[in-house]
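Note that the protein sequences, when read in sequence, are chains Y and F.
Position one of the first sequence corresponds to residue 279 (my numbering), numbered consecutively onward.
Position one of the second sequence corresponds to residue 65 (my numbering), numbered consecutively onward.
The beta carbon of each residue, even a glycine, is placed where N, CA and C say it ideally should be.
This structure is a prediction, so every number in the text was calculated from the model and none was measured.
The block underneath contains the structure these notes are about, expressed in structure tokens.
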Amino acid sequence: MKNFTTAITFFLAIIAPLVIVTVALRQPKDDHQLLEQLKAKYPIEHKSGVDHSKMAILQQDFTNPHEMTAACLSCHTERGTELLHSAHFTWEREAYIPGRGITYLGKKNLLNNFCTGIQSNEGSCTKCHAGYGWADKNFDFENPYNIDCIVCHDNTGTYKKASGGAGYPVMGPDGPDFKKILGSMSLPKSENCGSCHFTGGGGNNVKHGDLEMALLTAGRDVDVHMGVDGEHMNCVDCHTAENHVMKGRYYGVSSTDSQRLNCSDCHTEFPHQKSILNEHSIKVACQTCHIPVYAKVNPTKMYWDWSTATRKKDGKGFEVKDAEGNITYASIKGDFVWQKMVKPEYAWFNGTADHHLITDKVDTTQPYLKINTLMGEYRDKKSKIIPIKVHRGRQPYDTENLTVIQTKLWDKEKGKGALWLDLEWEKAIEEGMAYVGLPYSGKHDFIKTEMYLPINHMVSQASEAVSCKECHTRSNGRLAALTDFYMPGRDHNSLLDLSGRLLLILSILGVVVHTVIRIVSARKHKMSHTN
Amino acid sequence: MSTSHKAYVYKGFERFWHWNQSLLIFILALTGFEIHSSYELFGFETAVDLHNKAAWAFIILIVFAIFWHFTTGEWKQYIPTTKNLRAQAEFYLFGIFRNAPHPSKKTVISKLNPLQRLVYLGLKILVIPVMVVSGLLFMFYRYPQDGGISIINIDNLEIIAMVHTLGAFLLLAFIIVHLYLITTGHTVTSNLKAMITGWEDLEDEDETTEINIENPKPQSNA
Numbered sequence: 279m280k281n282f283t284t285a286i287t288f289f290l291a292i293i294a295p296l297v298i299v300t301v302a303l304r305q306p307k308d309d310h311q312l313l314e315q316l317k318a319k320y321p322i323e324h325k326s327g328v329d330h331s332k333m334a335i336l337q338q339d340f341t342n343p344h345e346m347t348a349a350c351l352s353c354h355t356e357r358g359t360e361l362l363h364s365a366h367f368t369w370e371r372e373a374y375i376p377g378r379g380i381t382y383l384g385k386k387n388l389l390n391n392f393c394t395g396i397q398s399n400e401g402s403c404t405k406c407h408a409g410y411g412w413a414d415k416n417f418d419f420e421n422p423y424n425i426d427c428i429v430c431h432d433n434t435g436t437y438k439k440a441s442g443g444a445g446y447p448v449m450g451p452d453g454p455d456f457k458k459i460l461g462s463m464s465l466p467k468s469e470n471c472g473s474c475h476f477t478g479g480g481g482n483n484v485k486h487g488d489l490e491m492a493l494l495t496a497g498r499d500v501d502v503h504m505g506v507d508g509e510h511m512n513c514v515d516c517h518t519a520e521n522h523v524m525k526g527r528y529y530g531v532s533s534t535d536s537q538r539l540n541c542s543d544c545h546t547e548f549p550h551q552k553s554i555l556n557e558h559s560i561k562v563a564c565q566t567c568h569i570p571v572y573a574k575v576n577p578t579k580m581y582w583d584w585s586t587a588t589r590k591k592d593g594k595g596f597e598v599k600d601a602e603g604n605i606t607y608a609s610i611k612g613d614f615v616w617q618k619m620v621k622p623e624y625a626w627f628n629g630t631a632d633h634h635l636i637t638d639k640v641d642t643t644q645p646y647l648k649i650n651t652l653m654g655e656y657r658d659k660k661s662k663i664i665p666i667k668v669h670r671g672r673q674p675y676d677t678e679n680l681t682v683i684q685t686k687l688w689d690k691e692k693g694k695g696a697l698w699l700d701l702e703w704e705k706a707i708e709e710g711m712a713y714v715g716l717p718y719s720g721k722h723d724f725i726k727t728e729m730y731l732p733i734n735h736m737v738s739q740a741s742e743a744v745s746c747k748e749c750h751t752r753s754n755g756r757l758a759a760l761t762d763f764y765m766p767g768r769d770h771n772s773l774l775d776l777s778g779r780l781l782l783i784l785s786i787l788g789v790v791v792h793t794v795i796r797i798v799s800a801r802k803h804k805m806s807h808t809n
Numbered sequence: 065m066s067t068s069h070k071a072y073v074y075k076g077f078e079r080f081w082h083w084n085q086s087l088l089i090f091i092l093a094l095t096g097f098e099i100h101s102s103y104e105l106f107g108f109e110t111a112v113d114l115h116n117k118a119a120w121a122f123i124i125l126i127v128f129a130i131f132w133h134f135t136t137g138e139w140k141q142y143i144p145t146t147k148n149l150r151a152q153a154e155f156y157l158f159g160i161f162r163n164a165p166h167p168s169k170k171t172v173i174s175k176l177n178p179l180q181r182l183v184y185l186g187l188k189i190l191v192i193p194v195m196v197v198s199g200l201l202f203m204f205y206r207y208p209q210d211g212g213i214s215i216i217n218i219d220n221l222e223i224i225a226m227v228h229t230l231g232a233f234l235l236l237a238f239i240i241v242h243l244y245l246i247t248t249g250h251t252v253t254s255n256l257k258a259m260i261t262g263w264e265d266l267e268d269e270d271e272t273t274e275i276n277i278e279n280p281k282p283q284s285n286a
């Protein structure tokens, strides 16, 4: 009987817990690799239902781009109205910003930390506008024939908008074969999107750092989605559109937590096999761990100091290049710092952003003027930690009126005040401020600025993801700057740790002293007995 | 000198529980302080993994131990008493150096001295529950916050982490002292042997011989 109860006790005590622990903590088998292979083998490829080269209306000898748009709209009758309301055309959105109310902001009127703003420079900047003829304030945003369909839908890769051409393409003898271009019209390819989104700020990868030409040819090591040796996805595979409203937001110009594109749209909220990683997703965006570095192939601009612009050598503007050929100084723009393989900085973000408007007052007591502000904090349920590129710089501001200055940078010809042509600050500032209808006191200086660009692309392979220790570490961790919460492994209470250590030392000391006295007294005892 | 007899003091499950508990606390402390970034050993990820697994194993063990304590009535061993408490403290501070006798006689139904009763009870009803609760909050605290159950909405992990760390230091200090006090039995190794085999030489009581419940025949080596 006793043996029997012992057996039962031991079964309950040893076998049962072991079985429970083993079953409960079993790791699912990792079949990630297999899944990846299948996905790469069976990508969904778009096949157009229409061959535009068979459309007679498109096979004319067009001399006027507006007529090409008219030809498109003769079949796609409602797309014109759609486009007139899309941000690719309006360059502004109606948005509610807490503390500001309803705003109408966008690339049209916002400042940025690169070329500062398009106003008074439209003729050059609107090379990237999905329209024709936005040369100044008088552009007609209501005319559907001002839409440029081709820049997004050309599938030949030969369509080019002219530099300084207010969005008009190169046509005539120097231009491409428009019959071929119109015949190729289909879903946008990454090249189409990239022709503007890769070159923002005036060159490849200047602005974003995670969006650049290399994505068109690089492998999975650079971008796991677009890699040519993997699924080779197109921009529009993720950035899907309904009636020309694209999914995805860039918070240099956007403000609201809407129409965003999330990893979880495809990958679900809890894509990991380890639940401890899934738990992280409540407070940490996917990108934070899965984009350990950006600007993986070509460098991106991290710093732009306008204050040194307009220097001359022999009465002329000049450029300085570094060993790799990056321009580090240009008389027309000032000093730059470029970086490659950049570790992102991190911020809490809840999807709402504010912007420093050209009418806002500058607070010179702050260390930096924030060109845009990403809202969020640990206690905010909607906030997650995201990786950001912080672009720092110095921009001109009016020291009397305390506003940031819109400078006139570009014109078709010299002598009209454009900084890039005349290399003269005062005239460029006066012209720019007059254009936006704001006063200029005549006194300017340069203020330190920061702009925050969320990093969403150049997602690395799972094996390259940020490791636990890169954040959960005492010093210099990736999240060292986010101090509004307690993170295990990073944070500790020094008083508690000190007290704890003292307690342990005292315990050991007590044991040692006690042992010594015991040994000594035992010896004495023995000696007194033997004596 | 007084006579003694062999008694079955620590039952099978009791010993199983004790040694598993010691092993688990050792693993928990070793991995816990790595998670605390006190040193690097397994690597953070492995340390967290081990810590969580050991924590669940410990919780299961505790459930079985609670069941055992109540069904066997062994919980009564931990009822605190002030009788001999001072004498016991004085024994560890002075008497032990003069070869004085243990002030509390160890018997099968009262195998803990008054100091042990107090300290072990403190561990059982205070330190270990606090460690378990703070540890579970550590594991699950995001869920109430995300689910919007405001009554158990915890804004900050800091207080949980501090309580958990404090408990860890206390347990570690206990283990250091406990390991040493093992050597203060009749002989240096008698307590250790007892916890391994279950059997220990107990001094006979002056008037009556203690009856072992499971082994009614008192064994005597005298």
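From what residue to what residue does the beta strand (DSSP E) around Lys-599 of chain Y run?
Within the first sequence, numbered from 1, the residue matching residue 599 of chain Y stands at position 321. Counting along the chain, the beta strand (DSSP E) containing Lys-599 of chain Y begins and ends at 597-599.
Would you kindly work out how many angstroms separate the C-alpha atoms of Asn-679 of chain Y and Lys-639 of chain Y, rounded to a whole number?
In the first sequence, the residue the question calls residue 679 of chain Y occupies position 401. In the first sequence, the residue the question calls residue 639 of chain Y occupies position 361. Approximately 8 Å, taken between the alpha carbons.
Inspect the beta-carbon positions of Ile-725 of chain Y and Tyr-675 of chain Y and report whether they are closer than 7 Å.
Reading the first sequence from its first residue, position 447 is the one you call residue 725 of chain Y. Reading the first sequence from its first residue, position 397 is the one you call residue 675 of chain Y. Result yes, Cβ atoms of Ile-725 of chain Y and Tyr-675 of chain Y sit closer than 7 Å.
Close-in-space but distant-in-sequence residues of the same chain around Leu-493 of chain Y (CB under 6 Å, 5 per side omitted):
Within the first sequence, residue 493 of chain Y is the residue found at index 215, counting from 1. Cβ neighbours of Leu-493 of chain Y beyond the five flanking positions: Asp-501, Met-504.
Contacting residues, own chain, Cβ-Cβ under 7 Å from Thr-272 of chain F (five flanking each side not counted):
Along the second sequence, read from residue 1 onward, the residue named residue 272 of chain F stands at position 208. Residue placement at Thr-272 of chain F cannot be trusted, given a pLDDT of 45 that sits under 50; the coordinates are not used to answer.
Using only the alpha-carbon positions, how far apart do Tyr-156 of chain F and Leu-780 of chain Y sit?
As a working mapping, residue 156 of chain F is identified with position 92 in the second sequence. As a working mapping, residue 780 of chain Y is identified with position 502 in the first sequence. C-alpha separation (whole angstroms): 22 Å.
Closest Cβ-Cβ distance between Ser-473 of chain Y and chain F: below 7 Å?
For the purposes of this step, residue 473 of chain Y is taken as the residue at position 195 of the first sequence. Not closer than 7 Å to any Cβ of chain F, the Cβ of Ser-473 of chain Y fails to qualify, so no.
Taking the beta carbon of Val-737 of chain Y as the centre, do at least 16 other beta carbons fall within 10 Å, making it buried, or is it exposed?
Counting from 1 along the first sequence, the entry for residue 737 of chain Y is found at position 459. Under this definition Val-737 of chain Y is a buried residue.
Span separating the alpha-carbon of Arg-670 of chain Y from that of Leu-701 of chain Y:
By 1-based counting over the first sequence, the position of residue 670 of chain Y is 392. By 1-based counting over the first sequence, the position of residue 701 of chain Y is 423. Roughly 23 Å between the two C-alpha positions.
Taking the straight line between their C-alpha atoms, what separation do you get for Met-580 of chain Y and Lys-485 of chain Y?
Working through the first sequence from its first residue, we reach residue 580 of chain Y at position 302. Working through the first sequence from its first residue, we reach residue 485 of chain Y at position 207. Met-580 of chain Y and Lys-485 of chain Y: Cα-Cα distance of roughly 9 Å.
Other residues of its chain near Asn-482 of chain Y: CB distance less than 7 Å, five sequence neighbours each side excluded
Reading the first sequence from its first residue, position 204 is the one you call residue 482 of chain Y. Result list for Asn-482 of chain Y: Phe-476, Glu-490, Met-491, Asn-576, in chain order.
Against chain F, does His-807 of chain Y count as a neighbour if the rule is that its beta carbon must be under 7 Å from one of theirs?
Counting from one through the first sequence, the residue named residue 807 of chain Y turns up at place 529. Chain F, which has no Cβ nearer than 7 Å to the Cβ of His-807 of chain Y, makes this no.
Short CB-CB distance (under 7 Å) between His-803 of chain Y and chain F:
To locate residue 803 of chain Y, count along the first sequence from 1; it is residue 525. Yes, contact with chain F.
Closer than 7 Å by C-beta to Lys-281 of chain F: which residues in its own chain qualify, once you throw out the five before and the five after it? Chain order, please.
Locating residue 281 of chain F in the second sequence gives position 217, where the first residue counts as 1. Per-residue confidence for Lys-281 of chain F stands at a pLDDT of 47, beneath the threshold of 50, marking its modelled position as unreliable; the derived number appears in the next sentence. Closer than 7 Å at the Cβ level, and outside the excluded window around Lys-281 of chain F, lies no residue.
Distance, Asn-754 of chain Y Cα to Tyr-437 of chain Y Cα:
In the first sequence, the residue the question calls residue 437 of chain Y occupies position 159. In the first sequence, the residue the question calls residue 754 of chain Y occupies position 476. For Tyr-437 of chain Y and Asn-754 of chain Y, the distance between alpha carbons rounds to 48 Å.
For Ile-569 of chain Y, which residues of its own chain have a beta-carbon under 8 Å away from its beta-carbon, when the five flanking residues on both sides are left out?
To locate residue 569 of chain Y, count along the first sequence from 1; it is residue 291. Closer than 8 Å at Cβ, skipping near neighbours: Asp-488, Pro-622, Pro-665, Ile-733, Asn-734, His-735, Met-736, Val-737, Ser-738.
Can you check the region 235-273 of chain F for any beta strand (DSSP E) of at least 3 residues that lies completely inside it and give the ranges in chain order?
263-267
Contacting residues, own chain, Cβ-Cβ under 7 Å from Lys-147 of chain F (five flanking each side not counted):
Start at 1 with the first residue of the second sequence, and residue 147 of chain F comes out as number 83. The answer, listed in chain order, is Pro-178.
Residues of chain F with CB under 7 Å from Thr-284 of chain Y, in chain order?
On the first sequence, residue 284 of chain Y is found 6 positions in, with the first residue counted as 1. The contacting residues are Gly-76.
Taking only beta-carbon positions, decide if Thr-229 of chain F is within less than 7 Å of chain Y.
Taking the second sequence and counting its residues from 1, the one referred to as residue 229 of chain F is at position 165. Yes, contact with chain Y.
Can you check whether the C-beta of Tyr-244 of chain F is within less than 7 Å of a C-beta belonging to chain Y?
Numbered from 1 along the second sequence, position 180 holds the residue referred to as residue 244 of chain F. Taking Cβ atoms only, chain Y reaches closer than 7 Å to Tyr-244 of chain F, which makes this a yes.
Helix, strand or coil: which one does DSSP assign to Asp-583 of chain Y?
Here residue 583 of chain Y refers to the residue found at position 305 of the first sequence. Asp-583 of chain Y falls in the strand class under three-state DSSP.
If you count every other CB in all the chains shown that lies within 10 Å of the CB of Met-805 of chain Y, and 16 or more means buried, which is it?
Position 527 of the first sequence holds residue 805 of chain Y. Met-805 of chain Y comes out exposed.
Residues of its chain near Thr-394 of chain Y, where Cβ-Cβ distance is below 7 Å and the 5 sequence neighbours each way are ignored
Along the first sequence, read from residue 1 onward, the residue named residue 394 of chain Y stands at position 116. The answer, listed in chain order, is Gln-673, Gln-684, Thr-685.
Anything in chain Y within Cβ reach of Asp-219 of chain F, meaning under 8 Å, just list it in chain order.
Position 155 of the second sequence, counting from 1, holds the residue named residue 219 of chain F. Within chain Y, the residues near Asp-219 of chain F are Arg-657.
Would you kindly report the start and end of the unbroken beta strand (DSSP E) that includes Asp-632 of chain Y?
As a working note, residue 632 of chain Y is residue 354 in the first sequence. Note, Asp-632 of chain Y: beta strand (DSSP E), 631-633.
Contact criterion: CB-CB distance below 7 Å. Does Leu-782 of chain Y meet it with respect to chain F?
Along the first sequence, read from residue 1 onward, the residue named residue 782 of chain Y stands at position 504. It does: the Cβ of Leu-782 of chain Y has a partner Cβ on chain F nearer than 7 Å.
Mind reading off the beta-carbon distance from Asn-220 of chain F to Tyr-718 of chain Y? Whole number of angstroms is fine, and I expect it under 8 Å.
Position 156 of the second sequence holds residue 220 of chain F. Position 440 of the first sequence holds residue 718 of chain Y. Contact doesn't hold; Cβ gap of about 48 Å is too wide.
Per-residue contacts from His-100 of chain F into chain Y (C-beta, under 9 Å):
In the second sequence, residue 100 of chain F corresponds to position 36, counting from 1. Correct list: Pro-766, Gly-767, His-770, Asp-775.
If we count Cβ pairs, one from each stretch, closer than 8 Å, do we get three or more for the region 515-526 of chain Y versus the region 557-569 of chain Y?
no
Check Met-711 of chain Y in the structure and name its three-state DSSP category.
The residue labelled residue 711 of chain Y in the question sits at position 433 within the first sequence. It is helical.
Pick from Y:Asp-762, Y:Tyr-624, Y:Gly-710, Y:Phe-614 that is closest to Phe-392 of chain Y, judged by C-alpha positions
Translated into the one-based positions of the first sequence, residue 392 of chain Y becomes position 114. Selected option, being the one with the closest Cα: Y:Phe-614.
Is it buried or exposed, Lys-386 of chain Y, if we count other Cβ atoms within 10 angstroms and call 16 or more buried?
Counted from its first residue, the first sequence places residue 386 of chain Y at position 108. That one is buried.
Among the residues of its own chain, which have a CB less than 8 Å from the CB of Thr-642 of chain Y, if the five just before and after it don't count?
As a first step, residue 642 of chain Y must be located in the first sequence, where it is residue number 364. Once the five neighbours on either side are set aside, the close Cβ partners of Thr-642 of chain Y are Leu-680, Ile-725.
Can you tell me whether His-69 of chain F is helix, strand or coil according to DSSP?
Along the second sequence, read from residue 1 onward, the residue named residue 69 of chain F stands at position 5. Strand, per DSSP.
Let me know the secondary structure DSSP gives Asn-387 of chain Y once reduced to three states.
For the purposes of this step, residue 387 of chain Y is taken as the residue at position 109 of the first sequence. If DSSP states are grouped into helix, strand and coil, Asn-387 of chain Y belongs with coil.
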